[in-house]
Amino acid sequence: MGNYILRRLLLLIPTLLGILLLIFVIAYVIPADPARAWAGPKARPEQVELLRQRYHLNDPLYLQVYYYLKNLLHGDLGISATTKRPVLDDLKHFFPATVELTIVAFTLSILMGVPLGILSAVKRNSLVDHISRVLALLGVSTPLFWLGLLVQFIFYFKLGWLPAGGRCEVDLQRITGFVILDSLLTHNMPALVDALKRLVLPSFTLAFYSMGYLVRITRGSMLEALQSEYVVTARAKGLPQRVVIYRHALKNALIPPLTVMGIRLGWLLAGTVLLETIFAWPGMGRYAAGSIVQVDLPAVVGYTLISALVMVFSNFFVDILYSLIDPRIRLGEKAR
Amino acid sequence: MRRWKGFSLLLLVLWALPIFAQESIPNPDTLVIVAYGEPAELDPATSYSARGWIFIRNLYDRLVQYKGEDATTLHPMLAESWEVSPDGLVYTFHLRKDAKFHDGTPVTAQAVKYSFDRVLKMNQPPSWMLSQMMDLNSTKVIDDYTVQITLTKPYAAALAVFATMTASIVNPAVVEAHGGVVENEENEWMNMHEAGSGPFKLKEWIPGERIVVERFDDYWGGKAKLKRVDVRFYPEIGTRIMLLKKGDADIATGFPAVNIPDILGAEGVVVAPYPSFDIDFIVLGCRGALADKRVRQAVSYAFPYETVIKFVYQGYAQRLTGAIPKGMFGYYEIPEDMRYKLDLNKANQILDKAGYTKGPDGMRVDPSTGKELSAEILVPEGDEVRAQISLLWQNYLKKIGFNLKIRTVTWAVMYQIMRNRESDMLISGWLPDYADPDNYVDAMLRSSNASAIWGSDYNNPQMDELIEKAKWETDPQKRAELYKQIQLLCHEDAPYIWIAQTKQISVRRSWVKGYYYNPVQPMDWFTIYKSAE
């Protein structure tokens, strides 16, 4: 196991290097004039040229990559050309917002998706099954931005129960960047309540979307398990229904949903542009979209590196969970 | 006992009255603005966008300012009075003695010199406004409250430049304590903080969320009526509309004309258009088919000016006949009978006369190259207004046998494509840096800028000469005459299609009072207050 983890971590280096190179090449070949975009359309040529020099835009590609890597070794991700702040500071600021939203949305989606999937499979073709299948279909097929606008319209505009968006509009001393944690640390109850209220709509919207996939996968995988021979055997042995379902079938049926969850987690942590835009959520998606439009290379590379790391680690985490759920899976060992 | 009960009830009502009275206006001392996007920086020497300037306006002071909606006369601000030498070269400013920076130190002549020299040394995008007329030797401190500026050339718009956000006065001690001035470099600290003497001071900036400013109680002009202004960033227009309709926001900015119908008529919401100096235009790149002046004139006659104003801008715009907007010094309106208007017959006549014959498919052919008469226009992605304008024009151009290809690209890519001469046209706009015609004609019609800024091949030496002459002319009458000639020549050359002079649409709650719009200065929070009456 230790060996396996080490190998996976070492594999990270070429993966990240590859991604980094790819972005530089893409940014280099697109016919954009980043300096002009950063300086604004009205800037005079001399000042645009200064920006080009500052960001090494006139240098050949290999030199640009070299400068970047050199700084990266010192933990310096460069300065974003659009926000004018160090990319590392920006990521430290925007990533916690995404993490906070993801944790809530991800937990919600599991709490809704997995039980519904199991119930749907166990009570196949019953009313519960039909309802959960319709819900799953809605979850998968409803466009995220549409659902976001809809819940915002109903719960903010019509009913006035929840705020339209934002993260926390009560004065709060930011310490960790995680608003909920900061409000607890500073004993700021109004900020905590405000932050929690503002989390409801975006996290529900995100969770509903992920829930759809989870219900479908859990249901399918559970149905398959319920028809397998070991379940028939367990039933023949006279085991109670509860034990058959939860101890025998469920454990085996959980592998596919787990895979989906791993991918979903990575996807959620990379941020979602449309949702963050609608709910004015200051997360990674909006940061990335803004940087891409402005061809803000340092920001784009920083964002991509973080997203890649998150993806790799969430898959890694899922692999470890596999081995915990299914003892036959031995990480890092060759098949005997 | 009963009497006591009655008395307590009365007390309760009296106590509760202010609560009920206040309930109609949420947070009466705080102005909540919902904005599309946040600024990249708050440093006057670096910021070159309306998003940053709105904060700089209220955090910093300048030597002179415009008052109210008028953009023609400059009034005292940090300078109580000033004299200009007869040759227009030397400006002597007498500073007021009661102005203080936010740390309590006085605003002095040394600070003025420091601020102007800082802009010149840092050499950031907006610095050309100062460097075109002054250098590091220009500003001299006469005494603590007198400063003398000797221009390198007599620029008639010098005072207007001193009123720009770029010419804001910064606190030298604060800047020096945070990185100082480095040649050709930005100051990272100043991008995120402030060192001003304006009526408001920066409380906090949470990136991606909001910027909050608080009243500066020692302001020389007296205390602002608002205690706090909270600018929140809501990128989605639909959300901004809902917040305003519900009264959770007092002012919403960044309202494209196409979204106005969504908010018109909403209870308690004011939609007020103001005449602005903002103009929209199409850059005709003067190459390919558009190298021929007659083709440019013909396509100018095939543009649906009135339709665009009525339906795309929803009426919130007016006709524009040249580079200089109406209401500005030097404005000259091309006479009605000469003006370009939608006239397909005239457009066809010009092209027929020029020898561009129509083929069997109705499209014209360039006799010199044998190619179809066509051009490509670049439209910025996500800009609904400009996309609609291009589509409308495409339709009319087809009727005169001209094939317009529309290409949608991001801003960053747009300029590079034009600079590389890989496209022919660009649809864009211009907001004033300062109230002077030179700010418009120099940037658009001077051949070097037409090329560097817009990627256009427009080059008329006569035009360059006129612009240079008008720029340094100090006699207003002679200057106005030169701008008239520039506009007539521009009409003849047709290097641009002047789409319209747009109106600034202010969208706010009716309880927001004291609001005014000035076409060259960002929103003034000092005069604003909230009241139900």
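Just so you know, the protein sequences line up as chains A and B, in that order.
Residues in the first sequence are numbered consecutively from 14, following the working numbering.
Residues in the second sequence are numbered consecutively from 1167, following the working numbering.
Cβ atoms here follow ideal geometry from the backbone N, Cα and C, with glycine treated the same way.
Model, not experiment: these values are computed from the prediction.
For a Cβ distance threshold of 8 Å, residue set Thr290, Ala293, Arg299 of chain A lies close to Pro1401/B, ordered along the chain.
With respect to chain A, the C-beta atom of Ser1293/B has a partner C-beta closer than 8 Å. By the rule that beta-carbons nearer than 8 Å mark a contact, Val308/A touches chain B. With a threshold of 8 Å between beta carbons, His106/A makes contact with chain B.
Going by beta carbons, Leu288/A and Gly178/A fall outside the 8 Å limit. Using a Cβ distance threshold of 8 Å, Leu163/A and Leu214/A do not count as a contacting pair.
DSSP places Glu59/A in the helix class (H, G or I) of the three-state scheme.
Residues of chain A with a Cβ closer than 9 Å to the Cβ of Lys1412/B are, in chain order, Tyr169, Phe170, Gly173, Ala177.
Listed by position along chain A, the residues whose Cβ is nearer than 7 Å to that of Tyr1226/B form an empty set, because the closest Cβ is around 18 Å away.
Per the DSSP secondary-structure output, Val78/A pairs with nothing in a beta bridge.
Residue Tyr1226/B holds the alpha-carbon nearest to the alpha-carbon of Lys1266/B among Ala1646/B, Tyr1226/B, Ala1333/B, Ala1541/B. Separation of Tyr1471/B and Ala1483/B (C-alpha to C-alpha, rounded to the nearest whole angstrom) is 10 Å. Annotation for Gln1463/B: the continuous alpha helix (DSSP H) segment containing it runs 1459-1467. In summary, no residue of the region 1527-1546 of chain B has a CB separated from any CB of chain A by less than 9 Å. Within chain A, no C-beta atom comes nearer than 8 Å to that of Asn1353/B; the closest sits roughly 10 Å away. In chain order, Met235, Leu239, Ile258 place their CB closer than 8 Å to the CB of Val135/A, counting only its own chain and leaving out the 5 sequence neighbours on each side. Of the residues Tyr1232/B, Asp1310/B, Arg1398/B, the one whose Cα lies closest to the Cα of Glu182/A is Arg1398/B.
Phe119/A sits in a helix when the DSSP states are folded into three classes. For Ser1540/B, the enclosing beta strand (DSSP E) covers residues 1540-1546.
Relative to the Cα of Glu237/A, the nearest Cα in the group Tyr226/A, Val256/A, Ala45/A, Lys264/A belongs to Lys264/A. According to the DSSP secondary-structure assignment, Ser1672/B is paired through a beta bridge with Ala1438/B.
Selection Glu1370/B, Ala1339/B, Arg1228/B, Thr1419/B evaluated against Ser1672/B yields Thr1419/B as nearest (Cα-Cα). Taking all protein chains shown into account, Gly1481/B has fewer than 16 neighbouring C-beta atoms within 10 Å of its C-beta and is therefore exposed.
Per DSSP, Trp294/A has no beta bridge partner at all.
A straight-line Cα-Cα distance of about 8 Å links Pro1320/B and Glu1639/B. In this chain, Thr218/A is not harboured by any beta strand (DSSP E); it is covered by the alpha helix (DSSP H) spanning 202-239. Just measuring C-alpha positions, the residue of Lys1564/B, Leu1486/B, Ile1593/B, Ala1329/B sitting nearest Val1230/B is Ala1329/B. Within its own chain, the residues whose Cβ lies closer than 7 Å to the Cβ of Ala1324/B, once the five positions on either side in sequence are excluded, are Tyr1257, Met1299, Leu1317, listed in chain order. Ala1206, Glu1207, Tyr1214, Ser1215: these are the residues of the region 1205-1237 of chain B whose beta carbon lies less than 7 Å from some beta carbon of chain A, given in chain order. Around the beta carbon of Thr285/A, a 10 Å sphere encloses 16 or more other beta carbons of the protein chains shown; the residue is thus reported as buried. Against chain B, the beta carbon of Gly53/A has neighbours under 8 Å at Tyr1214, Ser1215, Pro1291, listed in chain order. The Cβ atoms of Leu1392/B and Ile1694/B sit closer than 8 Å to each other. The beta-carbon of Thr1576/B is placed less than 8 Å from the nearest beta-carbon of chain A. With at least 16 other beta carbons inside 10 angstroms of its own, Met1331/B counts as buried. Taking C-beta atoms as the reference points, Glu1380/B and Lys1369/B count as a pair closer than 8 Å. Going by C-alpha positions, Val244/A is about 10 Å away from Leu252/A.
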